[in-house]
Ligand SMILES: Nc1ncnc2c1ncn2[C@@H]1O[C@H](COP(=O)(O)OP(=O)(O)O)[C@@H](O)[C@H]1O
Ligand SMILES: [Mg+2]
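Protein chains in written order, with the numbering used here: chain A, 1 to 219; chain B, 1001 to 1272.
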């Protein structure tokens, strides 16, 4: 098969519009995942058994069902009661889904903070909240930033699933172009290339950031 | 001083002569699971008193200090600090477990230095010492800085303010930890084997700093230590504990020169 480069570049502007939507969904979804993931990680540590149990059950449930099914469920389920755009539902679903993975990442970061840090905080009479914000999280989070960066890339690569609920990201736009021109090879190749370039770029940026941080934090 | 006489009359409160004890353990027991490690400790510290706690490892010395710092809760018995119950409150004539607010208030009187320093590795030295005064005591940035520098000068580290702990030697780390605890101005401070994680050549500088602080006088100190010369020099009273009980106590001269119990005699032989 020959790639028609002229045609490929002619559809690029449309695909880039889709990319913009995909990136936007990635950022919004990832921010939700980071915040909700931290909340989940903290809820798991609450001493009240019920809270711990419900949180763990939620995490297990979300992780063991496919994201696409969750998207359908939220999109068709919620739209019965609320008027939400497909984009909003998509970003929220991405966020909730990956919050359960980030919760585990936070947990490992928190568990790696030495017990003595908690004890010194208690001895200096820091409140619980202060202990978290001043002592524990500033030590727990830097080591896990590279893993969090990886999840950002994963979320980005999952955005084509949003095509399932009609979000105008790259896959949806490719399909639209396809049904107009009947040339399947070019749009999907371009989308693949765009993912490749951006994922690699992000991976390299995070790698450089990690190296810089390692230099700063080496004990 | 006539302390021995007073100790034999438990309820004698003789006006202004006897200051209330700053710390008082009343039949304190502690178990971890099924294992009872402290079997009923009775111990008093007068304000400003320096006591050394010695004894074989595993005898419960650390646990004793950690209960005072509210890091470990007694299984039974009570601890009083500055005339108030530490782990309990009175509610309708009954003793109940203290609230977090009560513990928070009580902790302002207590400080601790740990065997492994437990400095905050993500903060420079100065911030290690200013963080609690600012966030716990609510001091202004300037006040906290001033107090912290004063303490760091006291421990001989005023030239290390802007260094991260990872760049310090063990002895320097421990001196920062001492400054960090002192800056909160506790009435009683626990030193739990603060030199036993140090290279031998760094032990001296830390003990020197503690001796100087002891000489200032007003703060009571519980010195859990394996350094017998240091205990003899600094402590007003030495407590020898073994197997979760206080076996013998007295002024260092008596305890070290004329140990009564067989256990202390053999312990001291092994230490020398
Ligand atoms: N958190 C804990 N869980 C279980 N056992 C403990 C714990 N802390 C201390 N112990 C046990 O309690 C006993 C006294 O320990 P510790 O107070 O550290 O003694 P010391 O400081 O005199 O060496 C030891 O047998 C120790 O194993
Ligand atoms: Mg110990």
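All C-beta atoms in this analysis are idealised placements derived from N, C-alpha and C, irrespective of residue type, glycine included.
Note that the structure is a prediction, hence the values are computed from the model and not measured.
query: So for residue 1015 (chain B), helix, strand or coil by DSSP?; result: Confidence is the limiting factor: at residue 1015 (chain B) the pLDDT is only 42, short of 50, which leaves the residue's position unreliable and the question unanswerable from this model.
query: 8 Å is my cut-off, CB to CB: does residue 1124 (chain B) come that close to chain A?; result: no
query: I need the straight-line Cα distance from residue 71 (chain A) to residue 203 (chain A), nearest angstrom please.; result: 27 Å
query: Does residue 1061 (chain B) come within less than 8 Å of chain A when only Cβ atoms are used?; result: no
query: Comparing C-alpha positions only, which one of A:191, A:51 and A:27 sits nearest to residue 93 (chain A)?; result: A:27
query: With DSSP as the reference, label residue 1078 (chain B) as helix, strand or coil.; result: strand
query: For residue 1160 (chain B), I'd like the list of residues in its chain whose CB is within less than 7 Å of its CB, leaving aside the five on either flank, ordered along the chain.; result: 1125, 1168 and 1172
query: Could you check what DSSP says for residue 1005 (chain B) in three-state terms: helix, strand or coil?; result: Low confidence applies here, because residue 1005 (chain B) scores a pLDDT of 39, under 50, leaving its location unreliable; read the following figure in that light. Correct three-state label for residue 1005 (chain B): helix.
query: With distance defined between alpha-carbon atoms, name the residue in A:179, A:159, A:145 and A:189 nearest to residue 214 (chain A).; result: A:145
query: At a threshold of 7 Å, does residue 1193 (chain B) count as lining ligand 2 (C-beta to nearest heavy atom)?; result: yes
query: Taking the beta carbon of residue 1119 (chain B) as the centre, do at least 16 other beta carbons fall within 10 Å, making it buried, or is it exposed?; result: buried
query: Would you call the stretch 1102-1110 of chain B and the stretch 1067-1076 of chain B in contact, with 3 or more CB pairs under 8 Å?; result: yes
query: Under 7 Å, CB to CB, which of the residues in the stretch 97-117 of chain A have a partner in chain B?; result: 116 and 117
query: Against chain B, which members of the stretch 32-54 of chain A pass a CB distance test of less than 8 Å?; result: none
query: In angstroms with no decimal places, state the Cα-to-Cα distance between residue 223 (chain A) and residue 64 (chain A).; result: Lying before the first or after the last residue shown, residue 223 (chain A) is absent from chain A, which here runs from 1 to 219.
query: Contact check, residue 1064 (chain B) vs residue 1041 (chain B) under 8 Å by CB: the rounded distance?; result: 7 Å
query: Return the first residue and the last residue of the alpha helix (DSSP H) that residue 6 (chain A) is part of.; result: 5-10
query: In chain A, what lies closer than 8 Å to residue 1108 (chain B) by C-beta?; result: 125
query: Suppose you measure from the CA of residue 1061 (chain B) to the CA of residue 1240 (chain B); what does that come to, to the nearest Å?; result: 10 Å
query: I'd like to confirm something about residue 1037 (chain B): is its beta-carbon nearer than 7 Å to some heavy atom of ligand 1, or not?; result: yes
query: Mind listing the chain A neighbours of residue 956 (chain B)? Cutoff is C-beta to C-beta under 9 Å, in chain order.; result: Summary: the structure shown does not reach residue 956 (chain B), with chain B confined to residues 1001 through 1272, and so no result is reported for it.
query: So that I know if they touch, is there some Cβ in chain B lying closer than 8 Å to that of residue 213 (chain A)?; result: no
query: Who are the Cβ neighbours of residue 1066 (chain B) in its own chain at under 7 Å, not counting the five residues just before and after it?; result: 1072
query: With residue 1128 (chain B) as the anchor, note down where its beta strand (DSSP E) starts and where it stops.; result: Segment 1125-1135 is the alpha helix (DSSP H) holding residue 1128 (chain B); no beta strand (DSSP E) there.
query: Could you name each continuous alpha helix (DSSP H) segment of 4 residues or more that falls completely within the stretch 49-93 of chain A, going from the start of the chain to the end?; result: 49-63 and 67-78
query: Using the C-alpha atoms, what's the distance from residue 133 (chain A) back to residue 143 (chain A)?; result: 16 Å
query: Starting from residue 1043 (chain B), follow the beta strand (DSSP E) in both directions and report where the run begins and ends.; result: 1035-1045
query: Mind pulling the chain B residues with CB within less than 9 Å of residue 119 (chain A)?; result: 1066, 1069, 1071, 1112, 1114 and 1118
query: Which class does residue 219 (chain A) belong to by DSSP, given the choice of helix, strand or coil?; result: Model confidence at residue 219 (chain A) stands at a pLDDT of 46, short of 50, so the residue's coordinates are unreliable and nothing is read from them.
query: Quick one: list the residues of chain B neighbouring residue 135 (chain A), beta-carbon separation under 7 Å, in chain order.; result: 1120
query: Would you mind working out which of B:1189, B:1137 and B:1080 sits nearest residue 126 (chain A), comparing C-alpha positions?; result: B:1137
query: For residue 1136 (chain B), which residues in chain A fall below 7 Å Cβ to Cβ?; result: 124, 125 and 126
query: What residues from chain B crowd round residue 139 (chain A), counting only those whose CB sits closer than 9 Å?; result: 1120, 1121 and 1122
query: Kindly confirm or deny that the stretch 150-167 of chain A and the stretch 1146-1165 of chain B touch, where touching means at least three C-beta pairs closer than 8 Å.; result: no
query: Just the chain B side, please: which residues come within less than 7 Å of residue 173 (chain A) by C-beta, in chain order?; result: Result: empty, since nearest Cβ-Cβ is about 45 Å, beyond 7 Å.
query: Closer than 7 Å by beta-carbon distance: list the chain B residues that pair up with residue 226 (chain A), in chain order.; result: Because chain A here runs from 1 to 219, residue 226 (chain A) falls outside it and cannot be looked at.
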